[in-house]
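Keeping their order, the protein sequence lines are chains F and V. The first sequence: position 106 = 106 (my numbering), numbered continuously. Going from the second sequence to my numbering is simple: count from 1 and add 1000. Step one of this worksheet: look at the structure below.
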Amino acid sequence: MKRARVLHNNVELDISIDTDNRLLDADGVELNEQDVTWLCPVKEPGTIFALGLNYADHASELSFAPPTEPLVFLKGANTLTGHKQNAYRPDNIEFQHYECELVAVIGKAGKNISREDAMEHIQGYTVCNDFAIRDFLENYYRPNLRVKSRDSLCPIGPWIIDREDVGDISNLALTTHVNGELTQSGTTADMIFDLPFLIEYLSEIMTLQPGDMIATGTPKGLKDMQPGDVVVCEIEKVGALQTHIVSEQQFYGDQY
Amino acid sequence: MNRHSIVKGKLICVALNDSEQLSAMQQEFSEAPYKAPPTQPVLYFKPHNTWNTQAATIDWPSTGGPLYVGASLAVVVATKCTRVSAEQALEYVAGFSILHDFSLQEKSYYRPDIKGKCLDGTAPLGAKVTPIDQVSDLSALSVITEVNGELASEFPLSQMQRSVPELISSISYIMTLEPGDVIAVGFKGERILLNKGDKVCSAIAGVTELSNQVAG
């Protein structure tokens, strides 16, 4: 089952998406996609974990040796926005890039979860685009919040697909297209620390809760983004997440 | 999990906001891996699982410790706040409380310290919010921490490298602040080493206080 959340006639709805890609409300009534605004599919976002340098080819692209321990950072829920929504390019920067990532959504709480039991704690999967602004990197808690916790810069969705419906996640194709052109192509097979490892690692530190999300990192293939660009991050069997880049002024409007 | 009623959304902490600590570490911060002193506020989140309350007992780390604590003035956001100037920043504040950040020893500021700062229940916040109109001059106040009744730390708020309005402004240009978001604006650079069973009480005279005990 694919589950999503949308705004329809100014009401937030929990919907499902059937095998014919029809959008169905709780009563099974079909909604026209043109009439909905996609929201973050996680209703009450918990802690958002993200992985840095978790694909060997991406680490070498950034001139880093692959880590021997996961590089985990946290993101605020202010970063989340839905499928087909706007994300902004900050003013006066040189380099903003997308990061297409497989996200596991936790469905069952746990502490000290073993690698063997880890997958039972995942409700399902979604896709995020964990944008980074490289100009704002500083060597304090790197990647720092100014780089990774900005409004709208972690689009997520379109939906959560149940774990059982995806099955094996160890070799899923992962692609990004910018304005229709393929700019990033990889596979989850190249992930350094896999989800069972990450769930064991994180839950040894802290209790994981339903609504927590783990964004598992991105492979090689960075490209600068400009207002007007349309970015699609896609993961095989999970979904394709589309984002529209706008300027900071367009995004904030009256608050600019 | 002991969910706190004051924090609704984000709990943001500001590290390295003690001007004395910053000047003492200038040399270290000009070397690798830092290469240059910070030009922006150094921020970290205390996530949902860390939120805790006045009088809560703090678990001893399963890794065996050692455990440290720092105390900070906590600013509670009243209204949605995006891209505000320092001059306007206090208009978005409901009031003040106090936060204890229990954590493992921080040996480096280079990478996010998930292992040290995200242990369950390690971010207790005072029981009440003192409305902003009852606090006249923040820079005249100090955060005082006692361990087992003895003075362990004193941090005058005038010693903060960046003021509360400056921090709210800077943060609001990164992330929209929402009602119930909390910012712990500054800790004394030197955190306090604790033992099992220690009673930690922090106070900002006339504003707020907070007591917690480390599990025995």
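Idealized CB from N, CA, C, for every residue including glycine.
*Take Y1173 (chain V) and list the residues in its own chain whose beta-carbon comes closer than 8 Å to its own, dropping the five residues that flank it on each side.*
R1083
_Are the CB atoms of W38 (chain F) and K84 (chain F) within a distance shorter than 8 Å?_
Yes, Cβ-Cβ distance for K84 (chain F) and W38 (chain F) is below 8 Å.
*Taking the CB atoms as reference points, tell me whether L1099 (chain V) and S1072 (chain V) lie closer together than 8 Å.*
yes
*What do you reckon, is the C-beta of S152 (chain F) under 7 Å from a heavy atom of the ligand MN?*
You won't find the ligand MN in this model; it holds no ligand whatsoever.
*Can you check the stretch 163-230 of chain F for any beta strand (DSSP E) of at least 3 residues that lies completely inside it and give the ranges in chain order?*
173-178, 181-187 and 213-215
*Is there at least one Cβ from chain V nearer than 8 Å to L71 (chain F)'s Cβ?*
yes
_Per-residue DSSP class, three states only, for Q1161 (chain V)_ = coil
*Contact list for Q1040 (chain V) against chain F, beta-carbon separation under 7 Å*: Annotation: Cβ neighbours of Q1040 (chain V) in chain F (cutoff 7 Å, chain order): E138 and R146.
*Hey, would you say T176 (chain F) sits closer than 8 Å to C233 (chain F), going by beta carbons?*
yes
*If you measure from the beta carbon of I122 (chain F) to each beta carbon in chain V, is any gap under 8 Å?*
no
_D1120 (chain V): contacting residues in chain F (beta-carbon distance under 8 Å)_ = Near D1120 (chain V) (Cβ distances below 8 Å), the residues of chain F are K111, M206 and T207.
_Would you say K108 (chain F) lies against chain V (beta-carbon separation less than 8 Å)?_
no
*What do you reckon, are the CB atoms on V1183 (chain V) and V1014 (chain V) nearer than 8 Å?*
For the sequence presented, residue 1183 (chain V) should be read as Ile rather than Val. For I1183 (chain V) and V1014 (chain V), yes; Cβs fall inside 8 Å.
_Less than 8 Å between the beta carbons of Q226 (chain F) and C100 (chain F), yes or no?_
Cβ distance not < 8 Å, so Q226 (chain F) and C100 (chain F) don't count as in contact.
_Tell me which residues share the same chain as I1171 (chain V) and place their Cβ nearer than 8 Å to its Cβ, disregarding the 5 neighbours each side in the sequence._
Cβ neighbours of I1171 (chain V) beyond the five flanking positions: I1012, P1041, L1043, L1177 and I1183.
*Can you give the Cα-Cα distance for S60 (chain F) and D1113 (chain V), rounded to whole angstroms?*
23 Å
*Could you please tell me which residues of the stretch 1110-1142 of chain V, in chain order, have their CB closer than 8 Å to any CB of chain F?*
Contacts with chain F (Cβ-Cβ distance below 8 Å) from the stretch 1110-1142 of chain V involve Y1110, R1111, P1112, D1113, I1114, K1115, C1118, L1119 and D1120, listed in chain order.
_Please tell me whether L172 (chain F) and L102 (chain F) are closer than 8 Å, where the distance is taken between their beta carbons._
In this structure, L102 (chain F) lies closer than 8 Å to L172 (chain F) by Cβ.
*asked:* Considering just the uninterrupted stretch of the alpha helix (DSSP H) at R3 (chain F), what are its terminal residues?
replied: R3 (chain F) -> not in any alpha helix (DSSP H); beta strand (DSSP E) instead, spanning K2 to H8.
*asked:* List, in chain order, every chain V residue whose beta-carbon is nearer than 7 Å to that of V149 (chain F).
replied: Looking at the sequence shown, residue 149 (chain F) is not Val but Ser. Here the neighbours are I1174 and M1175.
_According to DSSP, residues forming a beta bridge with L31 (chain F)_ = F:L23
*Below 8 Å, can you find three or more Cβ-Cβ pairs linking the stretch 1148-1165 of chain V to the stretch 1015-1035 of chain V?*
yes
*Where V1082 (chain V) meets chain F, residues with beta-carbon distance less than 8 Å*: The sequence shown places Thr at residue 1082 (chain V), not Val. Ordered by position in chain F, the residues that pass the 8 Å Cβ test against T1082 (chain V) are D151, Y252 and Q255.
*What is the C-beta distance between H97 (chain F) and K220 (chain F), in whole angstroms, given that I count them as a contact (C-beta under 8 Å)?*
Contact flag wrong, Cβ pair sits at about 11 Å.
*Could you name the residues of the same chain whose beta carbon sits closer than 6 Å to that of I1168 (chain V), not counting the 5 residues immediately before and after it, in chain order?*
A1089
*Could you work out which residue in F:P41, F:G82 and F:Y141 is closest to L71 (chain F) when comparing CA atoms only?*
F:Y141
_Between L1099 (chain V) and chain F, is any beta-carbon pair separated by less than 8 Å?_
no
*Evaluate the contact criterion for the stretch 1033-1040 of chain V versus the stretch 1057-1072 of chain V: three or more CB pairs, one atom per stretch, below 8 Å.*
no
_Counting only Cβ-Cβ distances shorter than 9 Å, please list the residues of the stretch 77-89 of chain F near chain A, keeping chain order._
Of the protein chains in the structure, F and V, none is chain A.
*Beta carbon of F1187 (chain V) nearer than 8 Å to that of V1135 (chain V)*: no
*Expected contact under 8 Å - CB spacing of L51 (chain F) and F193 (chain F) to nearest Å*: 7 Å
_Per DSSP, cross-strand counterpart(s) of P1131 (chain V)_ = Answer is V:G1095.
*For a contact meaning CB atoms closer than 7 Å, what does G217 (chain F) contact in chain V?*
What G217 (chain F) touches in chain V: nothing, since even the nearest Cβ is about 14 Å away.
_Using CA atoms only, rank isn't needed, just tell me which of F:G186, F:C128 and F:A87 is closest to S152 (chain F)._
F:A87
_8 Å contact criterion, which A118 (chain F) and E204 (chain F) should meet: CB distance rounded_ = The Cβ separation is near 11 Å, so there is no contact.
*alpha helix (DSSP H) segment containing D254 (chain F), residue limits*: Where D254 (chain F) is concerned, there is no enclosing alpha helix (DSSP H), given that its DSSP letter is neither H nor E.
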